[in-house]
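The next block holds one structure in the form of structure tokens; read it before the comments.
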Amino acid sequence: MPTTVLVTGGAGFIGSHTCVELLENGYEVVVVDDHSNSSPVALERVAKTAGRPIAAAYRADLRDRGALDSVFAAHRIDSVIHFAAKKAVGESVGMPVAYYDVNVGGTTSLLSAMHAHGVRHLVFSSSCSVYGNADKVPLTEQDPPAPTNPYASTKWMCEQVLADTCRHLPELRVLALRYFNPVGAHPSGLLGEDPRGVPNNVMPYLAQVAVGRRERLSVFGDDYPTPDGTGIRDYIHVMDVAEGHRRALERLNDESGLRVLNLGTGVGSSVLELVSAFEQASGRPIPYEVTGRRAGDVAELVADPGAVKEAWNWAATRDLSAMCRDAWRFQELNPAGYGG
Ligand code: NAD
Ligand code: WQD
Numbered sequence: 007m008p009t010t011v012l013v014t015g016g017a018g019f020i021g022s023h024t025c026v027e028l029l030e031n032g033y034e035v036v037v038v039d040d041h042s043n044s045s046p047v048a049l050e051r052v053a054k055t056a057g058r059p060i061a062a063a064y065r066a067d068l069r070d071r072g073a074l075d076s077v078f079a080a081h082r083i084d085s086v087i088h089f090a091a092k093k094a095v096g097e098s099v100g101m102p103v104a105y106y107d108v109n110v111g112g113t114t115s116l117l118s119a120m121h122a123h124g125v126r127h128l129v130f131s132s133s134c135s136v137y138g139n140a141d142k143v144p145l146t147e148q149d150p151p152a153p154t155n156p157y158a159s160t161k162w163m164c165e166q167v168l169a170d171t172c173r174h175l176p177e178l179r180v181l182a183l184r185y186f187n188p189v190g191a192h193p194s195g196l197l198g199e200d201p202r203g204v205p206n207n208v209m210p211y212l213a214q215v216a217v218g219r220r221e222r223l224s225v226f227g228d229d230y231p232t233p234d235g236t237g238i239r240d241y242i243h244v245m246d247v248a249e250g251h252r253r254a255l256e257r258l259n260d261e262s263g264l265r266v267l268n269l270g271t272g273v274g275s276s277v278l279e280l281v282s283a284f285e286q287a288s289g290r291p292i293p294y295e296v297t298g299r300r301a302g303d304v305a306e307l308v309a310d311p312g313a314v315k316e317a318w319n320w321a322a323t324r325d326l327s328a329m330c331r332d333a334w335r336f337q338e339l340n341p342a343g344y345g346g
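So the sequence shown is numbered by the working numbering: it starts at 7 and just counts up by one.
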């Protein structure tokens, strides 16, 4: 029997790429997504890219326990990958309760359904944002969490809920992956990042400037204590993130309880380096202007990817030019995203 994986938020940016990775490696995939931040078209593209269909897709809110029960009753789920969440840092400051409700409430609803149906394996989407204003890089999993906004707090709170639940239910096997900055797209150009409204994140914004949807990029500050003064981040190709999830599934049985791992490359790139890499990848100039710093931004966030390397003998392999090339291919082929 093939392994069946329930992917929550499977139509989203990282979820859709992970579904392809799972389908291409023989897993059966069941998706639950309420499409509050994604298009059902992404799931059609998943099947097209992988060359085979997902087993089932349910449009449902994770907080709806009745709907979750029906999904677990209809499929023999072996493992769960839990992506579904609200993820905009700025938005979370204005609507913290909605973030706790969806991100923490969605996770407890899922855990309780898993418990009721005897499902013991979970991979959870956490975030480098739990580290907050780190005063040194690279960051290891031992560095203390210090979230600085409600979104990051929900991720840290979920990790604590998972840790405590694992303490009391020793049959659980949970991996929380703290992604740094996932960017890029599937190399086919069929799947990519399609944010609603004005992109919050730099890569989709850059891509929309390159394709002519937006006039210029605002570079948020060039007075940071970094070599060119702009913020440094650890960008990681979404295909590496997807591959990391397949590895995580394979390694869930290694230890009981909760294990927390960074998912990054260990390589930091500045905003201006990213602009230049994108210009090269797209062959188009990217107009930009330096504006003031964005509230809440830090100078530098880079992962120490050593723990994942040691645990799985695995590391991300795709570089910044591949990230830009693939993000650009998706944008060029889908100038209006999945809605076009
Ligand atoms: P995304 O918004 O593209 O995907 C999330 C998906 O979950 C969407 O399809 C959305 O419709 C769905 N969803 C949201 N609330 C739901 C609910 N209550 N019930 C059912 N479905 C719901 O985001 P993404 O970039 O693919 O991120 C996936 C996960 O990774 C999130 O948990 C996010 O916090 C985490 N993460 C993302 C990044 C990043 O930079 N993209 C970095 C670190 C961590
Ligand atoms: C990257 C760099 C900006 C936009 C966010 C979340 C984090 C995680 C990853 C979910 C920074 C600069 C940005 C723009 C710019 N997500 N920038 N102009 O803030 O590092 O991380 O995504 O868990 O929690 O906070 O990513 O892409 O917004 O910014 O100059 O229009 O680009 O200042 O230096 P960030 P980002």
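Where is the CB? At the ideal position from N, CA and C, for every residue including glycine.
Run the proximity test for residue i: is its beta-carbon closer than 7 Å to any non-hydrogen atom belonging to ligand 2?
i	result
ASN207	yes
LEU326	no
SER159	no
ASN43	no
CYS134	yes
VAL129	no
PHE226	yes
VAL95	yes
VAL217	no
ASN109	no
ASP310	no
LEU223	yes
ARG300	yes
Since residue i sits in a beta bridge, which residues does DSSP pair it with?
i	result
ILE87	VAL13, VAL129
LEU309	First, the residue type needs correcting, since residue 309 is Ala and not Leu in the sequence shown. Its beta-bridge partners are LEU145.
LEU267	LEU183
ARG65	ASP39
GLU285	Beta-bridge pairing links GLU285 to no other residue.
GLU295	SER224
GLU34	THR10
SER276	ILE238
Which same chain residues, not among the five before or five after residue i, have their C-beta less than 8 Å away from its C-beta?
i	result
VAL281	LEU212, LEU223, VAL225, ILE292, TYR294
ARG71	SER115, SER118, ALA119
GLU27	MET245, ALA248, GLU249, HIS251, ARG252
Measuring only from the beta carbon, is residue i closer than 7 Å to any heavy atom that is part of ligand 1?
i	result
ASP39	yes
LYS142	no
THR154	no
LYS315	no
ALA91	yes
ASN268	no
ILE20	yes
ALA17	yes
ASP67	yes
TYR185	yes
GLY112	yes
With a threshold of 6 Å on Cβ separation, who are the neighbours of residue i within its own chain once the five nearest residues in sequence on each side are excluded?
i	result
ALA190	Checking the sequence shown, residue 190 turns out to be Gly, not Ala. Closer than 6 Å at Cβ, skipping near neighbours: HIS243, VAL244, MET329, ASP332, ALA333.
GLU34	PRO8, THR10, ALA61
ALA91	ASN109
ASP228	GLY235, THR236, VAL296
PRO233	none
LEU74	ALA119
ARG220	GLN214
Would you please verify whether the beta carbon of residue i is less than 8 Å from any beta carbon of chain B?
i	result
HIS81	Of the chains in the structure shown, none is chain B; there is only one protein chain.
Which same chain residues end up closer than 7 Å to residue i when comparing Cβ atoms and leaving out the 5 residues on each side of it in sequence?
i	result
ALA3	No statement about residue 3 is possible, as the shown extent of the chain runs from 7 to 346 and does not include it.
ASP40	ARG65, ALA66, ASP67
*asked:* If we require 4 or more residues per run, which alpha helix (DSSP H) segments fall completely within the region 171–255?
replied: Those alpha helix (DSSP H) runs which fall completely within the region 171–255 and span 4+ residues are 208–216.
*the region 136–145 contacting the region 300–309, beta-carbon criterion three pairs below 8 Å*: The region 300–309 and the region 136–145 touch, with three or more beta-carbon pairs separated by less than 8 Å.
*Taking three-plus beta-carbon pairs below 8 Å as touching, is the region 57–64 in contact with the region 104–122?*
Between the region 57–64 and the region 104–122 there are fewer than three C-beta pairs closer than 8 Å, too few to call the two in contact.
_Given 8 Å, three or more beta-carbon pairs between the region 195–202 and the region 267–282_ = Segments in contact, no.
*Evaluate contact between the region 246–266 and the region 126–133, counting only Cβ atoms and requiring at least three cross-stretch pairs below 8 Å.*
Here the region 246–266 makes contact with the region 126–133; the two share three or more CB pairs at distances below 8 Å.
_Any 3 or more C-beta pairs closer than 8 Å across the region 43–50 and the region 17–30_ = Under the Cβ criterion (8 Å, minimum of three pairs), the region 43–50 counts as touching the region 17–30.
*Would the region 238–250 and the region 321–331 be scored as touching if the rule is three or more Cβ pairs under 8 Å?*
Flag = yes, the region 238–250 and the region 321–331 touch.
*Determine, using beta-carbon pairs with one atom in the region 158–166 and one in the region 214–221, whether at least three such pairs fall under 8 Å.*
The region 158–166 vs the region 214–221: no contact.
*Determine contact between the region 145–158 and the region 266–274, defined as no fewer than three beta-carbon pairs at a distance below 8 Å.*
As far as the Cβ criterion goes, the region 145–158 touches the region 266–274, which means the pair count is three or higher.
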